[in-house]
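As structure tokens, the structure follows; a few thoughts come after it.
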Amino acid sequence: MGGHDDESYGPSESEPGDSESGLAVCLVSGGMDSCVTAAIAREENDELALLHISYGQRTEERERRAFDEIADYYQTKLRLAVSIEHLSRIGGSSLTDHQIPVTSANLGSPGIPSSYVSFRNAHLLSIATSWAEVIQARRIYIGAVAEDSSGYPDCRPEFYAAFQKVIDLGTKPQTALEIRTPIIAMKKGEIVLRGQSLGAPIELTWSCYQESEQACGTCDSCALRLRAFREAGITDPIPYTLDSKRFAY
5 MGGHDDESYG
15 PSESEPGDSE
25 SGLAVCLVSG
35 GMDSCVTAAI
45 AREENDELAL
55 LHISYGQRTE
65 ERERRAFDEI
75 ADYYQTKLRL
85 AVSIEHLSRI
95 GGSSLTDHQI
105 PVTSANLGSP
115 GIPSSYVSFR
125 NAHLLSIATS
135 WAEVIQARRI
145 YIGAVAEDSS
155 GYPDCRPEFY
165 AAFQKVIDLG
175 TKPQTALEIR
185 TPIIAMKKGE
195 IVLRGQSLGA
205 PIELTWSCYQ
215 ESEQACGTCD
225 SCALRLRAFR
235 EAGITDPIPY
245 TLDSKRFAY
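Everything in the sequence shown is counted per the numbering used here, starting at 5 for the first residue and increasing by one.
Okay, here's the thing in structure tokens:
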């Protein structure tokens with residue numbers, strides 16, 4: 005894979021029970037999707053390296069805490085936390101620019117939400133690729149969900165297929181790195197249930213875009229999370245400012 009162009013190759017969605025040995029890098033934001041992805045990666049690989057990237061988001065300290073707690077839960081020795089604050093200086097997103105308000109959820113609204121951070125996932129994958137190549141990992145896991153792709157263009161399967169080609173062309177021939185997106189075809193409720201079946205520490209995760217102690221329950225991320233738990237028939241274990249928000253979506 006690494007260092008050559010294979011037009012037929014795309015990122016793997018990773019079927020349940022698809023177990024392979026080796027070292028894998030998993031991007032972990034601290035949110036639910038990345039936590040479940042880490043649980044899947046742990047099942048499929050001999051060793052896991054967890055990567056957290058801060059980019060100047062409003063809740064970066066809370067997300068970093070979630071990452072540390074998830075890494076501790078899995079007793080991960082290989083872990084790396086880095087910062088790319090230039091995305092905050094570039095701005096243009098309610099996640100990184102305090103002049104742009106975090107809007108209340110409107111899950112049926114078409115178009116790109118204000119929380120979109122321009123080309124963010126390409127930055128995250130680039131860093132993951134660099135680290136994976138240096139530590140001789142074989143796979144990179146990212147918790148992208150196609151259900152989000154109507155609002156976030158860098159969550160589309162086509163984006164990851166294209167980035168796989170970038171890795172193939174831009175790394176050493178012996179690197180042979182594969183992007184895996186194991187939850188990309190899942191509904192949010194299915195992700196909750198998969199996490200539960202794997203014993204993922206979802207209670208340690210954080211999804212809220214604007215609060216760090218009690219989740220607001222009104223931003224897009226909270227709404228998607230709450231709807232996922234409702235669909236799964238499970239109570240979300242994290243605290244919310246108003247308990248009534250748990251049933252709003």
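The beta-carbon is built from N, C-alpha and C at its ideal position, and this holds for glycine as well. If you're wondering where the values come from, they're calculated on a predicted model, not measured in any experiment.
Q. Since G254 and V40 are thought to touch, with beta carbons under 8 Å apart, how far apart are those beta carbons, to the nearest angstrom?
A. Given that the chain is displayed from residue 5 to residue 253, the structure contains no residue 254 and the question cannot be resolved.
Q) What does a CB cutoff of less than 7 Å around L197 pick up in its chain, not counting 5 residues either side in sequence? A) Residue mapping note: residue 197 aligns to position 193 of the sequence shown, counting from 1. The residues are A236.
Q: Within its chain, find whatever has a CB closer than 7 Å to the CB of A80; leave out the 5 residues flanking it on each side and keep chain order.
A: Translated into the one-based positions of the sequence shown, residue 80 becomes position 76. According to the sequence displayed, residue 80 carries Thr and not Ala. Excluding sequence neighbours, T80 sits near L52 and L54.
**Q.** Residues near R234 by beta carbon distance below 6 Å, same chain, minus five either side
**A.** The residue given as residue 234 occupies position 230 in the sequence shown. Excluding sequence neighbours, R234 sits near nothing in its chain.
Q) How many whole angstroms separate the CB atoms of E70 and G34, which I take to be in contact at a CB cut-off of 8 Å? A) Here residue 70 is taken as the residue at index 66 of the sequence shown, counted from 1. Here residue 34 is taken as the residue at index 30 of the sequence shown, counted from 1. At residue 70 the sequence reads Ala, which differs from the Glu that was named. With a Cβ gap of about 3 Å, A70 and G34 count as contacting.
Q) Of all the options R66, K192, S225 and T179, which has the alpha carbon lying nearest to the alpha carbon of S216? A) Start at 1 with the first residue of the sequence shown, and residue 216 comes out as number 212. Selected option, being the one with the closest Cα: R66.
Q. In terms of residue numbering, what span does the beta strand (DSSP E) encompassing L202 cover?
A. The residue labelled residue 202 in the question sits at position 198 within the sequence shown. First-last for L202: K192 to L202, but that is the alpha helix (DSSP H), not the beta strand (DSSP E).
(Q) To the nearest angstrom, how far is the alpha carbon of L228 from that of A132? (A) Within the sequence shown, residue 228 is the residue found at index 224, counting from 1. Within the sequence shown, residue 132 is the residue found at index 128, counting from 1. Approximately 26 Å, taken between the alpha carbons.
Q.
For L246 and C223, I'd like the C-alpha separation in whole angstroms.
A. Residue numbering aside, residue 246 sits at position 242 when the sequence shown is read from its first letter. Residue numbering aside, residue 223 sits at position 219 when the sequence shown is read from its first letter. Rounded to whole angstroms, the gap between the alpha carbons of L246 and C223 is 13 Å.
Q) By the 10 Å Cβ neighbour count, where 16 or more other Cβ atoms means buried, how is N125 classified, buried or exposed? A) Within the sequence shown, numbered from 1, the residue matching residue 125 stands at position 121. N125 should be labelled buried.
Q: Grab me the residues of Y156's own chain with a C-beta within less than 7 Å of its C-beta, minus the 5 sequence neighbours each way, in chain order.
A: In the sequence shown, counting from the first residue as 1, residue 156 sits at position 152. Correct list, in chain order: Y120.
Q. Can you give the Cα-Cα distance for E151 and H127, rounded to whole angstroms?
A. In the sequence shown, residue 151 corresponds to position 147, counting from 1. In the sequence shown, residue 127 corresponds to position 123, counting from 1. Cα to Cα, E151 sits roughly 21 Å from H127.
Q) How many angstroms separate the CA atom of T209 from the CA atom of L230? A) For the purposes of this step, residue 209 is taken as residue 205 along the sequence shown, with counting starting at 1. For the purposes of this step, residue 230 is taken as residue 226 along the sequence shown, with counting starting at 1. Taking the straight line from one Cα to the other gives about 13 Å.
**Q.** Boundaries (first-last residue) of the alpha helix (DSSP H) holding F170
**A.** One-based indexing of the sequence shown puts residue 170 at position 166. According to the sequence displayed, residue 170 carries Val and not Phe. Unbroken alpha helix (DSSP H) run through V170: P161 to G174.
**Q.** Euclidean distance between Cα positions of C212 and A219
**A.** As a first step, residue 212 is located in the sequence shown; it is residue number 208 there, counting from the start. As a first step, residue 219 is located in the sequence shown; it is residue number 215 there, counting from the start. In a straight line, the C-alpha of C212 is about 5 Å away from that of A219.
Q: Kindly indicate the opening and closing residues of the beta strand (DSSP E) around H90.
A: Walking along the sequence shown from the start, residue 90 turns up at place 86. That residue, H90, is in no beta strand (DSSP E); its alpha helix (DSSP H) goes H90 to I94.
Q. DSSP state of E215, grouped into three classes?
A. Start at 1 with the first residue of the sequence shown, and residue 215 comes out as number 211. Correct three-state label for E215: coil.
Q: Use the C-beta contact count for A2: other C-beta atoms within 10 angstroms, 16 or more gives buried, fewer gives exposed.
A: There is simply no residue 2 to check, as the chain begins at 5 and stops at 253 in what is shown.
Q | From R160, L31, L202 and C159, residue whose alpha carbon lies closest to that of A85 | A | Mapped onto the sequence shown, residue 85 falls at position 81. Checking every option, the nearest Cα to that of A85 belongs to L31.
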